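Visitor: Residue numbers (the working numbering), protein chains in the order written: chain R, 1 to 414; chain W, 1001 to 1149. A virtual CB, placed ideally from N, CA and C, is assigned to each residue, including glycine. On a predicted model such as this, the values are computed, not experimentally measured, just so you know. Take a look at this one; I'll ask things after.
If you want it as structure tokens, here you go:
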């Protein structure tokens, strides 16, 4: 049967066979009852000579049509159909793509079938590999995503730690600052009290000398020049005395401010602290900032007076610097109930930008130029008020001013 | 003859000179001034004084040490501390330990200094009188005792 066609040798048939042989695929011509009538070279090489046998036996060694065979439909619809067939070959899974095309006569009746077999094992393997690779990739992506999530959690944690660290640092700086301010104030008051004492005492004695001189010269005729000089000296001395009194007051405020005489935690009149801070800031506010005080009837508050004074100082200093040119600072205090006091510091300054409002209490945040602001002022206020179990609330309008509202428990430190 | 002798000790001349002037203007007390506490102590070992007014913080010897030693050499002398020390609480504690008559704060008020000095001199005088009276009483008692025997 070698090289013998089972198809009647017509001109057209021979031409078709020659054409089909050129295609490098396993092609077979089948009768409608699936008998193999002709095979291309490739088909014969790959599948062996199966002519005269049904295709399932010739190509797959089966005794019945292959599972999934679609020939009936191809014939019925007169259209090409293809399907996959899997089986074991040489102990390995093999995959084939079977394509069957109908050949019709002039009446449209299917007279023959052309079968193309394609070994799809390789592409299956590739596809399988692709699937598993893509699965692996998906797993990898998931793992990475989880890792990134973990990483961002860690970043958040780190950020939190950093914030806590900054707060601790500002508290430390605050403590150290208070201590050095205290030392400075103690040294300063001690050093200043001696010359100031001499100055004040001298001025008073001199004034008395001049009084006596005036009494003596009053009875003498022809001394108008001397009398005038003595009167000028008296006036100058009065001025000197006023200046010395002012110095004494400043030192007194410094002493109250640094809380040099007192214990660390005690009952304290907050108004004394606010007034001391205002007195120490008066140089930068005089003639420029009008201070309105509306003090309520407050009980003594248990607190750390030195730290609380620093709070007043920082808030008032901020308020004063926020006012460019002339303006107004209002300080209002009131007892909310037996347990809490409210202190309000309101300025008519330039205000805080809305985007900065949430950050001004953070340590290290400043809008002042480098070297001018440490960014610790309000952070110190915040941490001190936290220490006293109080709260601080900030409202601000750009160009209109800022209000700091402190709410401090009367016995927060006890 | 003055109404009393006041010894002034401060390492700052501006203080001792000022107080010396104040006393000469306003009182009839004799003022003796020292800028070194050690010299003051030497003086007081040889000479009687009614009042010693001393600065607190001085080089060599602080005012409390000086006044503690003054008590040993002159028990009836009133001792005053003049302090510019900012920590009032610990100053007061230290003062109580040594048993001072009074302490004065820097910057001082002339009026208050003078009033305190007058009281201090009066106290010393009274103590001295009491001491003299006790002594003469003792002498008298001894004589009576001798007469009885």
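Would you check if the stretch 228–245 of chain R and the stretch 1090–1097 of chain W touch, i.e. whether three or more CB-CB distances between them fall below 8 Å?
Guide: No: fewer than three Cβ pairs fall under 8 Å.
Visitor: I want to see whether chain W comes within less than 8 Å of residue 417 (chain R), judged by CB atoms only; does it?
Guide: Outside the shown range of chain R (1 to 414) lies residue 417 (chain R), about which nothing can therefore be said.
Visitor: Between residue 1012 (chain W) and chain R, is any beta-carbon pair separated by less than 8 Å?
Guide: For the purposes of this step, residue 1012 (chain W) is taken as the residue at position 12 of the second chain. Judged by the 8 Å Cβ criterion, residue 1012 (chain W) is in contact with chain R.
Visitor: Determine the direct distance from the alpha carbon of residue 380 (chain R) to that of residue 170 (chain R), and round the result to whole angstroms.
Guide: Within the first chain, numbered from 1, the residue matching residue 170 (chain R) stands at position 170. Within the first chain, numbered from 1, the residue matching residue 380 (chain R) stands at position 380. Distance between the alpha carbons of residue 170 (chain R) and residue 380 (chain R) is about 7 Å.
Visitor: Going by C-alpha distance, which of R:119, R:316 and R:110 is nearest residue 327 (chain R)?
Guide: For this step, residue 327 (chain R) is matched to residue 327 along the first chain. Comparing Cα positions, the closest option is R:316.
Visitor: At the level of alpha carbons, what is the spacing between residue 73 (chain R) and residue 85 (chain R)?
Guide: The sequence position of residue 73 (chain R) within the first chain is 73, counting from 1. The sequence position of residue 85 (chain R) within the first chain is 85, counting from 1. Distance between the alpha carbons of residue 73 (chain R) and residue 85 (chain R) is about 17 Å.
Visitor: For the structure I just gave you, are there three or more beta carbon pairs, one from the stretch 1058–1074 of chain W and one from the stretch 154–163 of chain R, closer than 8 Å?
Guide: These segments do not touch.
Visitor: Using a Cβ-Cβ distance cut-off of 8 Å, determine whether residue 1145 (chain W) contacts chain R.
Guide: The residue labelled residue 1145 (chain W) in the question sits at position 145 within the second chain. No, residue 1145 (chain W) lies away from the interface with chain R (no Cβ there is under 8 Å from its Cβ).
Visitor: Would you mind listing the beta strand (DSSP E) stretches within the stretch 203–263 of chain R that are 3+ residues and don't spill past its ends, in chain order?
Guide: Fully enclosed beta strand (DSSP E) runs of 3 or longer: not present.
Visitor: When DSSP labels each residue in this structure, what does residue 13 (chain R) get in the three-state scheme?
Guide: Residue numbering aside, residue 13 (chain R) sits at position 13 when the first chain is read from its first letter. Helix at residue 13 (chain R).
Visitor: Skipping 5 residues on each side, what residues in its chain have a beta carbon closer than 8 Å to that of residue 217 (chain R)?
Guide: By 1-based counting over the first chain, the position of residue 217 (chain R) is 217. Excluding residues within five positions, the ones whose Cβ falls inside 8 Å are 223, 226, 227 and 230.
Visitor: Please check if any C-beta of chain R sits within less than 8 Å of the C-beta of residue 1063 (chain W).
Guide: Stepping through the second chain from its first residue, residue 1063 (chain W) is reached at position 63. False, the Cβ-Cβ gap to chain R never drops below 8 Å.
Visitor: Taking a cut of 7 Å between CB atoms, which residues from the stretch 1099–1116 of chain W lie near chain R?
Guide: Going along the stretch 1099–1116 of chain W in chain order, one finds 1106, 1107, 1108 and 1110 with a Cβ nearer than 7 Å to chain R.
Visitor: Check distances from the C-beta atoms of the stretch 237–252 of chain R to those of chain W and list, in chain order, the residues that come in under 9 Å.
Guide: Result list: 244, 247, 248 and 251.
Visitor: Spell out whether any CB of chain R is found under 8 Å from the CB atom of residue 1021 (chain W).
Guide: Stepping through the second chain from its first residue, residue 1021 (chain W) is reached at position 21. Yes, its Cβ sits closer than 8 Å to a Cβ of chain R.
Visitor: What whole-angstrom Cβ distance do residue 320 (chain R) and residue 285 (chain R) have, given they're in contact under 8 Å?
Guide: On the first chain, position 320 is the one that residue 320 (chain R) refers to. On the first chain, position 285 is the one that residue 285 (chain R) refers to. Going by Cβ atoms, the distance from residue 320 (chain R) to residue 285 (chain R) rounds to 5 Å, so yes, they are a contact pair.
Visitor: List the residues of chain W whose Cβ lies closer than 7 Å to the Cβ of residue 194 (chain R), in chain order.
Guide: The sequence position of residue 194 (chain R) within the first chain is 194, counting from 1. Per Cβ cutoff of 7 Å: 1012, 1015, 1084 and 1106.
Visitor: For the alpha helix (DSSP H) holding residue 1123 (chain W), just list the boundary residues, first then last.
Guide: Position 123 of the second chain, counting from 1, holds the residue named residue 1123 (chain W). Segment 1110–1148, the alpha helix (DSSP H) holding residue 1123 (chain W).
Visitor: Compute the Euclidean distance between the alpha carbons of residue 401 (chain R) and residue 345 (chain R), then round it to the nearest angstrom.
Guide: Taking the first chain and counting its residues from 1, the one referred to as residue 401 (chain R) is at position 401. Taking the first chain and counting its residues from 1, the one referred to as residue 345 (chain R) is at position 345. Cα to Cα, the separation comes out at about 11 Å.
Visitor: The stretch 204–232 of chain R: which residues have C-beta closer than 9 Å to a C-beta of chain C, in chain order?
Guide: Among the protein chains of the structure shown, namely R and W, there is no chain C.
Visitor: Rounded to whole angstroms, how far is the Cβ of residue 1081 (chain W) from the Cβ of residue 1064 (chain W), which I believe are closer than 8 Å?
Guide: Stepping through the second chain from its first residue, residue 1081 (chain W) is reached at position 81. Stepping through the second chain from its first residue, residue 1064 (chain W) is reached at position 64. So it is a contact: roughly 7 Å between Cβ atoms.
Visitor: Would you tell me roughly how many angstroms separate the C-alpha atoms of residue 2 (chain R) and residue 49 (chain R), rounded to the nearest one?
Guide: As a position in the first chain, residue 2 (chain R) is number 2, starting the count at 1. As a position in the first chain, residue 49 (chain R) is number 49, starting the count at 1. Residue placement at residue 2 (chain R) is poorly supported in this model, since its pLDDT is 42, which falls under 50; the coordinates are not used for a value here.
Visitor: From the DSSP output, in three-state form, read off residue 3 (chain R) for me.
Guide: What you label residue 3 (chain R) is simply residue 3 of the first chain in a count that begins at 1. Any reading at residue 3 (chain R) needs caution, since the residue's pLDDT is 45, under 50, leaving its predicted position unreliable; the model's value is listed next. Correct three-state label for residue 3 (chain R): coil.
Visitor: Report buried or exposed for residue 19 (chain R), applying the criterion of at least 16 other Cβ atoms within 10 angstroms of its Cβ.
Guide: Within the first chain, the letter at position 19 stands for residue 19 (chain R). Exposed, because fewer than 16 other Cβ atoms sit within 10 Å of the Cβ of residue 19 (chain R).
Visitor: At a Cβ threshold of 8 Å, is residue 1096 (chain W) touching chain R?
Guide: The residue labelled residue 1096 (chain W) in the question sits at position 96 within the second chain. No - not a single Cβ of chain R is within 8 Å of the one on residue 1096 (chain W).
Visitor: Work out the CA separation of residue 167 (chain R) and residue 1010 (chain W) for me, nearest whole Å.
Guide: Counting from 1 along the second chain, the entry for residue 1010 (chain W) is found at position 10. Counting from 1 along the first chain, the entry for residue 167 (chain R) is found at position 167. For residue 1010 (chain W) and residue 167 (chain R), the distance between alpha carbons rounds to 47 Å.
Visitor: Ordered along the chain, which non-local residues of its own chain (more than five positions away) have a Cβ less than 8 Å from that of residue 399 (chain R)?
Guide: Looking up residue 399 (chain R) in the first chain gives position 399. 350 and 351, listed in sequence order.
Visitor: Tell whether a beta-carbon distance below 8 Å holds between residue 87 (chain R) and residue 120 (chain R).
Guide: Counted from its first residue, the first chain places residue 87 (chain R) at position 87. Counted from its first residue, the first chain places residue 120 (chain R) at position 120. Cβ distance not < 8 Å, so residue 87 (chain R) and residue 120 (chain R) don't count as in contact.
Visitor: So, is residue 125 (chain R) buried or exposed, given that buried needs 16 or more other C-beta atoms within 10 angstroms?
Guide: Translated into positions along the first chain, residue 125 (chain R) becomes position 125. Residue 125 (chain R) is exposed by the Cβ-count criterion.
Visitor: For residue 322 (chain R), which residues in the same chain have their Cβ closer than 7 Å to its Cβ, ignoring the five residues on either side in sequence?
Guide: For the purposes of this step, residue 322 (chain R) is taken as residue 322 along the first chain, with counting starting at 1. If we look at residue 322 (chain R) and ignore the five residues flanking it on each side, its Cβ neighbours are 347, 349, 350 and 402.
Visitor: Thinking residue 1110 (chain W) and residue 204 (chain R) are a contact (beta carbons under 8 Å), I'd like their distance in whole angstroms, please.
Guide: Translated into positions along the second chain, residue 1110 (chain W) becomes position 110. Translated into positions along the first chain, residue 204 (chain R) becomes position 204. The Cβ separation is near 5 Å, so the contact holds.
Visitor: Got a sec? Which residues, its chain only, sit under 6 Å from residue 343 (chain R) by beta carbon, not counting five neighbours each side?
Guide: For the purposes of this step, residue 343 (chain R) is taken as the residue at position 343 of the first chain. Closer than 6 Å at Cβ, skipping near neighbours: 333 and 406.
Visitor: Can you say whether residue 1140 (chain W) is buried or exposed, counting buried as having 16 or more other CB atoms within 10 angstroms of its CB?
Guide: Start at 1 with the first residue of the second chain, and residue 1140 (chain W) comes out as number 140. Flag for residue 1140 (chain W) reads exposed.
Visitor: Note down, in chain order, each residue of its chain lying with its Cβ closer than 8 Å to the Cβ of residue 361 (chain R), except the 5 sequence neighbours on either side.
Guide: Locating residue 361 (chain R) in the first chain gives position 361, counting from the first residue. Excluding positions up to five away in sequence, the list reads 378, 379, 381, 382, 392 and 394.
Visitor: Return the Cβ separation of residue 384 (chain R) and residue 307 (chain R) in integer angstroms, given the expectation that the two are a contact with Cβ distance under 8 Å.
Guide: As a working mapping, residue 384 (chain R) is identified with position 384 in the first chain. As a working mapping, residue 307 (chain R) is identified with position 307 in the first chain. Right, their Cβ atoms sit about 5 Å apart.
Visitor: Would you report the Cα separation of residue 271 (chain R) and residue 1103 (chain W), rounded to the nearest angstrom?
Guide: As a position in the first chain, residue 271 (chain R) is number 271, starting the count at 1. As a position in the second chain, residue 1103 (chain W) is number 103, starting the count at 1. Near 29 Å, if we compare the C-alpha coordinates of residue 1103 (chain W) and residue 271 (chain R).
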